[in-house]
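K.L.:
Numbering (the numbering used here), first residue to last: 3 to 315. What follows is a single structure, and I will ask about it in a moment.
In structure tokens form, the structure reads like this:
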């Protein structure tokens, strides 16, 4: 008999728990089972499949390669069931379905929130979940079906047959300071003025960091040695708004803090054209909220960025 015919949702939960705790006793307590019953179930499952899923050792369990693969399938199935439950709940309450979108720091303060607002103006009953993370993490969440859409800078490594992509727009990087910063008052700004200040730059896992270093190298410059590294736009804004530090930020990410008079762009522009791309799960198409959010992103991206006219570095 096919072992999958006897597999239930509860069994998938047990499998995931064993992979996480790597301990029969801890999983039995978490799942309100007895240890003998849990051990018996695992032995029977392995016998049915004909593969060893966990190696037994003195300190507990360790998933085998087969166990790790089956655990991934169990997580995906659980995520899909969670999505189905939430989608049905939204529709039952008169909503327009649900969409989960991830945004990198370059888009979290501009394009993505604007697109969400645009969607909600047309579909007020839609349910939207917005998460922020580096693009590496967002793409992983896409492939694991944890989110539907991700927006950030592209990379060749972001490739999966189940994921589609589309370039939304191109933008450049800007230097920014607090509005009453001494550099903001200068009529003529030179590299020496910038390099005399402490910078806030992206951490090395952020794609924009490579863009910044390449642009500086082309100009015969490097990032100042005493710079602070941050992968959070909010932290960067807070640091620069309360100090004499200089931030390097993307063109659209600066629009909101500049409108709130928290930051001000400096008249020195880096030659760093960079594409912003949206990625989405192909199997998420057809859900009204997801389709609507993709259209909203395209619409917002077509709107020109609010720019100053800085001179090139």
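Idealized CB from N, CA, C, for every residue including glycine.
Can you tell me which residues form a DSSP beta bridge with residue 232?
P.N.:
Residue 232 pairs with 204.
K.L.:
Straight-line CA distance for residue 245 to residue 253?
P.N.:
Between residue 245 and residue 253, the C-alpha separation is close to 21 angstroms.
K.L.:
Could you tell me the distance, in whole angstroms, from the CA atom of residue 109 to the CA atom of residue 278?
P.N.:
Cα to Cα, residue 109 sits roughly 8 angstroms from residue 278.
K.L.:
Which one or two residues does DSSP pair with residue 278 in a beta bridge?
P.N.:
According to DSSP, which records beta bridges pairwise, residue 278 is partnered with 171.
K.L.:
Using three-state DSSP, classify residue 317 as helix, strand or coil.
P.N.:
Limits of the chain in this structure are 3 at one end and 315 at the other, which puts residue 317 out of reach.
K.L.:
Just tell me which of 247, 105, 236 has its CA closest to the CA of residue 149.
P.N.:
It is 105 whose Cα lies nearest to the Cα of residue 149.
K.L.:
Helix, strand or coil: how does DSSP classify residue 283 here?
P.N.:
In the structure shown, residue 283 sits in a strand (DSSP, three-state: E or B).
K.L.:
Determine the extent of the beta strand (DSSP E) in which residue 103 is found, giving its start and end residues.
P.N.:
Note, residue 103: beta strand (DSSP E), 100-105.
K.L.:
Enumerate in chain order the residues of its own chain whose CB-to-CB distance from residue 220 is below 7 angstroms, with the five nearest sequence positions on each side excluded.
P.N.:
273.
K.L.:
Leaving out five residues on either side along the sequence, give the residues of the same chain with a beta carbon under 7 angstroms from the beta carbon of residue 311.
P.N.:
Because residue 311 carries a pLDDT of 44, less than 50, the predicted location of this residue cannot be relied on, and the following value inherits that uncertainty. Here the set comprises nothing.
K.L.:
If you draw a straight line from the alpha carbon of residue 63 to that of residue 12, how long is it in whole angstroms?
P.N.:
Taking the straight line from one Cα to the other gives about 20 angstroms.
K.L.:
Spatial neighbours of residue 217 within its chain, please: C-beta separation below 6 angstroms, excluding the five flanking residues on both sides.
P.N.:
Correct list, in chain order: 272, 273, 274.
K.L.:
Buried or exposed for residue 136, going by 16 or more other Cβ atoms inside 10 Å?
P.N.:
By the 10 Å Cβ count, residue 136 comes out buried.
K.L.:
Check whether the segment 293-303 and the segment 184-194 touch, using three or more Cβ-Cβ pairs below 8 angstroms as the test.
P.N.:
Flag = no, the segment 293-303 and the segment 184-194 do not touch.
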